[in-house]
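Novice: Position 116 of the sequence shown, counting from 1, maps to 115 under numbering that gives the first Met the number 0, and the rest follow consecutively.
I have a structure here, written as structure tokens, and I will follow up with some questions on it.
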Amino acid sequence: MNIKRSGMITIVGRPNVGKSTLTNALVGEKIAIVTNKPQTTRNRICAILNRGESQFVFLDTPGLARTKLGDYMVGVVKQSVADVDAVMLLVEPIANVGGPEEELIGRIRALGVPAVLVINKIDTVKKEDLLAVMRAYQAAHDF
């Protein structure tokens, strides 16, 4: 294997939005614990994917929550967004940018890091409703 390009990508979002499930799906292995219990991921989990001459390092982060444990995990998320090549903001299909998402978007904007919006659980809404979600996030940031 001859790696010529590599990139670090942080996956961020609320608790139970599907960050660990996405991480596992991206690398094709069970790297992160997946459960319906919030705050299962408490530290960053690194998952590596090699494709041809490229290597992607995904950082699965804890969800943003407002508790003492949550405050610690928010610090982990903020550190994980710094010094990466890109951020994936994982959200549920709700046509409203909530406080935690606004905080993450502000951090992304402040660092000037490229960001990709990933809308999860789209099977729970109609296609027309999904467009409203995309418009809400497009108004908040240029993903």
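Quick reminder that beta carbons are idealized off the backbone N, C-alpha and C, glycines included.
Going by C-alpha to C-alpha distance, which of Ala31, Leu129, Val83 sits closest to lysine 18?
Specialist: Ala31
Novice: For glycine 111, which three-state DSSP category applies?
Specialist: coil
Novice: Relative to the C-alpha of isoleucine 104, which candidate in Gln137, Met7, Asp84 has its C-alpha closest?
Specialist: Comparing Cα-Cα distances from isoleucine 104 to each of Gln137, Met7, Asp84, the minimum goes to Gln137.
Novice: The alpha helix (DSSP H) with threonine 20 in it runs from where to where?
Specialist: Per DSSP, threonine 20 belongs to the alpha helix (DSSP H) from 18 to 26.
Novice: Report, in whole angstroms, the separation of the C-beta atoms of threonine 22 and phenylalanine 55, which I expect to be a contact under 8 angstroms.
Specialist: Actually they do not touch by this definition, with Cβ atoms about 11 angstroms apart.
Novice: Can you look up valine 11 in the DSSP assignment and give me helix, strand or coil?
Specialist: strand
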